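Peer 1:
Residue numbers (full-length UniProt numbering): 1 to 186.
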């Protein structure tokens, strides 16, 4: 390894420490410096993307995290553009999930941003703790739990853990399960 590579790696390690301390501005500055020294440094561009996601998640605009900036959207943006940005970022970050510090949490933040920007919310069944994703027109309405078949009033549930919980199912996933169950067996 030559001098620039070693120096870039040391700077990246310092950036990771700053990231762990939630000093996202300093982490990004250092990660960018490492990238400038050695652009081929493993996953450095993706680490910078992850830092940006966390940075904009903590930035508050009108009482909410800056969801548009999390997805890299300009104001205003269409639903198609929102979906495109979300899926592209999600796929990029997913590739580095096992190699980039903070990538798994960034996936959760991206999903949360997408839910907020597309008018969806998460709710949890009080009986079985199964979590569901619904459109906002279901807020404060009685719904049937897909898991335990009990009715409950859907109230928004926001948590950083709900998107990776194995007992979580979006309405799109539920629809696919229902269609699979209704499909005639061969």
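Heads up, the beta-carbon is just placed ideally off N, CA and C, and yes, glycines get one too. Bear in mind the structure is a predicted one, so any value in this text is a computation, not a measurement.
Given that a residue counts as buried once 16 or more other Cβ atoms are within 10 Å of its Cβ, and exposed if not, what is residue 144?
Peer 2: One-based indexing of the chain shown puts residue 144 at position 144. Per the 10 Å Cβ criterion, exposed.
Peer 1: Could you give the DSSP three-state label for residue 142: helix, strand or coil?
Peer 2: Within the chain shown, residue 142 is the residue found at index 142, counting from 1. In the structure shown, residue 142 sits in a strand (DSSP, three-state: E or B).
Peer 1: Is it buried or exposed, residue 10, if we count other Cβ atoms within 10 angstroms and call 16 or more buried?
Peer 2: Here residue 10 is taken as the residue at index 10 of the chain shown, counted from 1. The residue in question, residue 10, is exposed, as its Cβ has fewer than 16 Cβ neighbours within 10 Å.
Peer 1: Among 75, 66, 5, whose alpha-carbon lies nearest the alpha-carbon of residue 42?
Peer 2: Residue 42 sits at position 42 when you count from the first residue of the chain shown. Among 75, 66, 5, the Cα nearest to that of residue 42 belongs to 5.
Peer 1: What's the gap between the Cα of residue 69 and the Cα of residue 22?
Peer 2: Residue 69 sits at position 69 when you count from the first residue of the chain shown. Residue 22 sits at position 22 when you count from the first residue of the chain shown. Roughly 18 angstroms between the two C-alpha positions.
Peer 1: For the alpha helix (DSSP H) containing residue 50, name the first residue and the last one.
Peer 2: Start at 1 with the first residue of the chain shown, and residue 50 comes out as number 50. Run containing residue 50: 44-58, per the alpha helix (DSSP H) assignment.
Peer 1: Assuming residue 55 and residue 24 make a contact with CB atoms under 8 angstroms, what is their CB distance in whole Å?
Peer 2: Indexing the chain shown from 1 puts residue 55 at position 55. Indexing the chain shown from 1 puts residue 24 at position 24. About 4 angstroms; that satisfies the 8 angstroms criterion.
Peer 1: In this structure, how does DSSP classify residue 75 when only helix, strand and coil are distinguished?
Peer 2: Indexing the chain shown from 1 puts residue 75 at position 75. Looking at residue 75 - three-state DSSP - the assignment turns out to be coil, as it is neither helix nor strand.
Peer 1: Measure the beta-carbon distance from residue 31 to residue 12 and round it to whole angstroms, keeping in mind my assumption that it falls under 8 angstroms.
Peer 2: Position 31 of the chain shown, counted from the start, is the residue given in the question as residue 31. Position 12 of the chain shown, counted from the start, is the residue given in the question as residue 12. Yes, they are in contact, since the Cβ atoms of residue 31 and residue 12 sit about 6 angstroms apart, within 8 angstroms.
Peer 1: On the criterion of 16 or more Cβ atoms from any shown chain inside 10 Å, does residue 149 qualify as buried, or is it exposed?
Peer 2: Numbered from its first residue, the chain shown carries residue 149 at position 149. By the 10 Å Cβ count, residue 149 comes out exposed.
Peer 1: Whole angstroms is fine: what's the gap from residue 152's alpha carbon to residue 119's?
Peer 2: Sequence index remark: in the chain shown, residue 152 carries index 152 (1-based). Sequence index remark: in the chain shown, residue 119 carries index 119 (1-based). If I take the Cα positions, the gap works out to 21 angstroms.
Peer 1: Which same chain residues end up closer than 7 angstroms to residue 45 when comparing Cβ atoms and leaving out the 5 residues on each side of it in sequence?
Peer 2: Looking up residue 45 in the chain shown gives position 45. Counting only Cβ-Cβ distances below 7 angstroms, and skipping sequence neighbours, we find 35.
Peer 1: Quick one: measure Cβ to Cβ for residue 71 and residue 89, integer angstroms, because I've assumed they're closer than 8 angstroms.
Peer 2: Position 71 of the chain shown holds residue 71. Position 89 of the chain shown holds residue 89. About 6 angstroms; that satisfies the 8 angstroms criterion.
Peer 1: Do residue 103 and residue 50 count as a contact pair if the criterion is CB distance below 8 angstroms?
Peer 2: Indexing the chain shown from 1 puts residue 50 at position 50. Indexing the chain shown from 1 puts residue 103 at position 103. For residue 50 and residue 103, yes; Cβs fall inside 8 angstroms.
Peer 1: Determine the DSSP secondary structure at residue 19, reduced to helix, strand or coil.
Peer 2: Stepping through the chain shown from its first residue, residue 19 is reached at position 19. In this structure, residue 19 counts as helix in the three-state DSSP scheme.
Peer 1: Near residue 106, which residues of its chain fall below 7 angstroms by C-beta distance, leaving aside the five closest residues on each side in sequence?
Peer 2: For the purposes of this step, residue 106 is taken as the residue at position 106 of the chain shown. The residues are 50, 53, 54, 93.
Peer 1: Classify residue 132 as helix, strand or coil using the three-state DSSP reduction.
Peer 2: Your numbering for residue 132 matches position 132 in the chain shown. Strand.
Peer 1: In angstroms, rounded to a whole number, what distance separates the CA positions of residue 124 and residue 116?
Peer 2: Here residue 124 is taken as the residue at index 124 of the chain shown, counted from 1. Here residue 116 is taken as the residue at index 116 of the chain shown, counted from 1. Those two C-alpha atoms are separated by around 17 angstroms.
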